[in-house]
Structure formats: C-alpha cells, structure tokens
Amino acid sequence: MKNIGLVFSVILMSFALISQAKQKVTKSNGGQNGYRDITETHDGADHTLKCKNPGRESCTWGQGFSIATLDELEAIDTFVENQLSNGSYSGTGKLSGTNLWFFWLYNEANGTLNYTIAEDHPDYEL
Numbered sequence: 000m001k002n003i004g005l006v007f008s009v010i011l012m013s014f015a016l017i018s019q020a021k022q023k024v025t026k027s028n029g030g031q032n033g034y035r036d037i038t039e040t041h042d043g044a045d046h047t048l049k050c051k052n053p054g055r056e057s058c059t060w061g062q063g064f065s066i067a068t069l070d071e072l073e074a075i076d077t078f079v080e081n082q083l084s085n086g087s088y089s090g091t092g093k094l095s096g097t098n099l100w101f102f103w104l105y106n107e108a109n110g111t112l113n114y115t116i117a118e119d120h121p122d123y124e125l
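Counted the way numbering that gives the first Met the number 0 counts, the sequence shown spans residues 0 to 125.
As structure tokens, this is what we get:
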C-alpha cells in the first residue's frame, strides 16, 4: 500500500513540474554590439528566447509574461551577465522581492549561456 502512495505522489509531483511556467534563454556567439539572430517563442506556459551570431540587436524579451515583468527579466539577465563577468559560470539565484528562481550554466568551450527562470521552484532543467 505504501508503494501505491509513493507512486501516486511521484505522479502528482511530475504533473506540477510539467505545468509550471518556465522561461528559457540561450545566448551563443554574440558580438560586442549584440546579436543578429533573435527568436522568441511562446508555447502555453513555456517561453523561449534564443540569441546567436554577432549583430547589433540586444537579446531581450519583447514582452513580459504571467510570471515576470520586463523589468524583472532584465534584472535577472543583468545579474547572470555580471556573474559570468566575475567568472561564475553556473549557479542558482532568486530575484529579491519575488518568487522567481533562476539557474544559469555557461559552456566555455562553445560560448553558450543557458538560463531558466521558474516560479516558486528551484529544480528545473536547462
């Protein structure tokens, strides 16, 4: 009987994680003045921003979402970029005064930065 309860708990937790809104950002091969190719997609509660190749555009969201305003997104982006400048290539943070968690990972070998923003949950995937 305990096994059935454990399996049921795992299934419920899985549904909670699947339905949680996430915002993922990937930056690669940018130039000193920004990026050339910027793609923003929205699929239900999941939002993705991909920026690559040297260009003149900043890698920013075009709109806020239910879990974060544009100002909050910019604050997280600035924090992550500052961490990279200081040599911190991975980490987890929480935006002060909010319930927004974020995790970043920079791959020095290929110059790709990935970070994910999620609400109320520090366990997420890049």
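Just so you know, even glycine gets a beta-carbon here, dropped at the ideal spot from N, CA and C.
Using alpha carbons as the reference points, say which of the options lies closest to residue i.
i	options	result
D42	K49, A20, G54 and K51	A20
K23	T91, N109, G96 and W103	W103
Y34	L48, T115 and D70	L48
T91	S27, Q82, F101 and S84	F101
Q32	R55, N109 and S89	Reading the sequence as shown, one finds Asn at residue 32 and not Gln. With distances taken between Cα atoms, N32 lies closest to R55.
G110	D36, A44 and N52	N52
I75	A108, I37 and A117	A117
Sort out for me which residues DSSP pairs residue i with in a bridge.
i	result
F102	T91 and T115
C50	K26 and I37
E56	Y34
For residue i, does the three-state DSSP call read helix, strand or coil?
i	result
S18	In this predicted model, S18 has a pLDDT of only 49, less than 50, meaning its place in the structure is not dependable; the value taken from the coordinates is given anyway. Helix.
N75	The sequence as given places Ile at residue 75; Asn does not occur at that position. Here I75 sits in helix by DSSP.
N81	helix
At a cut-off of 7 Å, would you count residue i as near the ligand HEM, judging by its Cβ distance to the nearest heavy atom?
i	result
I37	In terms of ligand content, the structure shown is empty, and the ligand HEM therefore cannot be addressed.
So residue i and residue j are in contact, right, with Cβ under 8 Å, and what is the actual spacing, rounded?
i	j	result
L99	I66	7 Å
L83	Y114	Not quite, the Cβ-Cβ distance comes to about 10 Å (not below 8 Å), so this is no contact.
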